[in-house]
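Participant: Got a structure for you, questions after.
There are 2 protein chains.
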Amino acid sequence: MRNGATYLTECGLRPSVQRLAIYNYMVTHPTHPTADEIFEALRDSIPTLSKTTVYNTLKLFVAHGVIDEVFIDRTSERFDGNTLLHAHFLCNCCGAIIDTPIENPERVNDSLPHGASLNKTQLLYFGTCEKCLNQPNNN
Amino acid sequence: MRNGATYLTECGLRPSVQRLAIYNYMVTHPTHPTADEIFEALRDSIPTLSKTTVYNTLKLFVAHGVIDEVFIDRTSERFDGNTLLHAHFLCNCCGAIIDTPIENPERVNDSLPHGASLNKTQLLYFGTCEKCLNQPNNN
DNA sequence: TATAAAATTGTAACTATTACAAATTTATTT
DNA sequence: AAATAAATTTGTAATAGTTACAATTTTATA
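Written as structure tokens, this is what we have:
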């Protein structure tokens, strides 16, 4: 596992206590957490932590390519410590966001508009996950 | 072009003046408008129109499959009168949302999680459109 | 025509996010 | 080491999109 402080420094960001905690939370929780979830998770270990800091830091991380934002949930911003290309599946039943590898990554950007330059691709699926399908109550 | 009133009726929705106006706006404006844009565009012809009605109607349309919601813009809900599978490109420069055909539609759902059932797919691109690339000021 | 159901409306509330200025921490210079 | 400057964090208040809700209006049914 990559050293967080070193990595933030490499990305041009000073590895403050808050930034490091947020970064470490992201890489150890591949659950696409919201700012509020991160804030609640870290406030015990950093009692002075402000929610504004969490928002600012996440935005800063996205701007520096440290993390990604996933647009799969309109109710809250969701962040992803894994910046490598992969697809996301949102289960409409349990709300889980599941990562999946993209089967044909060399083809996923074939549908760009003519002449456009590309910064980011998101392949999003919405449906019901296997677990929920096997729980008869939920259907 | 499909008759709006007939289509709404087929979808189990009463074709009120408001619903018909919103539906007609959607099919004649493939710009992925927000609720507010639709409200502003229709308030002249329907002076009593309420923004709540626009929101409610759009949500109702989505629930009945009359239109889709596109998750490409986190600042506002964006709606799409074209419910056939296609990709979306958001230009970070001018804000335009461009439709593109999906080149290999038979492969776009290959990356589903194991055992999951699929309701909807969204293939989103973010970048700079050809027009903005050709305007040196913006780069 | 009377009654019931559906749809619309306006206001107020809600929630996620951002703006901003003050306070704190960290780095740099003297 | 002390003083100064820069960067970061913090808390509060504001913003904006969306929703809840109850009242009103419209449409359908009896």
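Chains as they are written, first to last, in this note's numbering: chain A, 97 to 235; chain B, 97 to 235. C-beta atoms are modelled at their ideal positions from N, C-alpha and C, and glycine is treated no differently.
1) Can you tell which of B:Phe175, B:Gly108, B:Lys147 has the C-alpha that lies nearest to the C-alpha of threonine 124 of chain B?
2) Going straight from the alpha carbon of leucine 180 of chain A to that of proline 143 of chain A, what length do you get?
3) Which residues in chain A sit within 9 Å of proline 197 of chain B, going by Cβ to Cβ distance?
4) I need the DSSP call for glycine 100 of chain B, collapsed to helix, strand or coil.
5) Once DSSP output is grouped into helix, strand and coil, what is the label at phenylalanine 185 of chain B?
6) Is glutamate 202 of chain B close to chain A, meaning its C-beta is less than 7 Å from at least one C-beta of that chain?
7) CB-CB under 7 Å to leucine 240 of chain A, same chain, minus the five flanking residues each way: which ones, in chain order?
8) Determine whether the Cβ of glutamine 218 of chain A lies closer than 7 Å to any Cβ atom of chain B.
9) From which residue to which residue does the alpha helix (DSSP H) around glutamate 165 of chain B run?
10) Where do the N-terminal and C-terminal ends of the beta strand (DSSP E) with isoleucine 194 of chain B fall, by residue?
11) Could you check which residue in A:Asp132, A:Thr105, A:Cys228, A:Leu220 has the C-alpha nearest to that of valine 162 of chain A?
12) Could you please tell me which residues of the segment 154 to 172 of chain A, in chain order, have their CB closer than 7 Å to any CB of chain B?
13) How would you label asparagine 235 of chain A, buried or exposed, when you count the other beta carbons within 10 angstroms and need 16 or more for buried?
14) Just checking, does the segment 224 to 234 of chain B make contact with the segment 109 to 124 of chain B on the three C-beta pairs under 8 Å criterion?
15) Buried or exposed, going by whether 16 or more other CB atoms sit within 10 Å of the CB of glutamate 226 of chain B?
16) Can you pull the chain B residues whose beta carbon is under 8 Å from the beta carbon of asparagine 215 of chain A, in chain order?
17) Just list the residues that DSSP pairs aspartate 174 of chain A with in beta bridges.
18) What are the residues in the segment 121 to 154 of chain A lying within 7 Å of chain B by C-beta distance?
19) Apply the 10 Å Cβ neighbour rule to aspartate 164 of chain B and answer buried if 16 or more other Cβ atoms are within range, or exposed otherwise.
20) Assuming aspartate 169 of chain B contacts leucine 186 of chain B (C-beta within less than 8 Å), just tell me the rounded distance between them.
21) Using only alpha-carbon positions, find the residue among B:Thr217, B:Gly223, B:Gly211, B:Phe135 that is nearest to lysine 216 of chain A.
22) Return yes when the Cβ of phenylalanine 157 of chain B is within less than 7 Å of the Cβ of lysine 147 of chain B, no when it is not.
23) Answer yes or no: do glycine 100 of chain A and tyrosine 121 of chain A have a C-beta to C-beta separation smaller than 7 Å?
24) Taking leucine 181 of chain B as the query, report the chain A residues whose CB atoms sit under 8 Å from its CB, ordered along the chain.
Facilitator: Based on what the coordinates show:
1) B:Phe175
2) 32 Å
3) Ser207
4) helix
5) strand
6) no
7) What the structure shows of chain A is the stretch from 97 to 235, and residue 240 of chain A is not part of that stretch, so it cannot be assessed.
8) yes
9) Here glutamate 165 of chain B belongs to no alpha helix (DSSP H); instead the beta strand (DSSP E) covers 164 to 166.
10) 193 to 196
11) A:Thr105
12) Phe167, Ile168, Arg170
13) Below a pLDDT of 50, predicted positions are generally treated as unreliable, and asparagine 235 of chain A, at 46, falls in that range; the measurement from the model is reported next regardless. By the 10 Å Cβ count, asparagine 235 of chain A comes out exposed.
14) no
15) exposed
16) Asn188, Phe222, Gly223, Thr224
17) First, the amino acid is wrong: residue 174 of chain A is arginine here, not aspartate. Answer is A:Val166.
18) none
19) buried
20) 7 Å
21) B:Gly223
22) no
23) no
24) Neighbours of leucine 181 of chain B on chain A: none; closest Cβ ~10 Å, over 8 Å.
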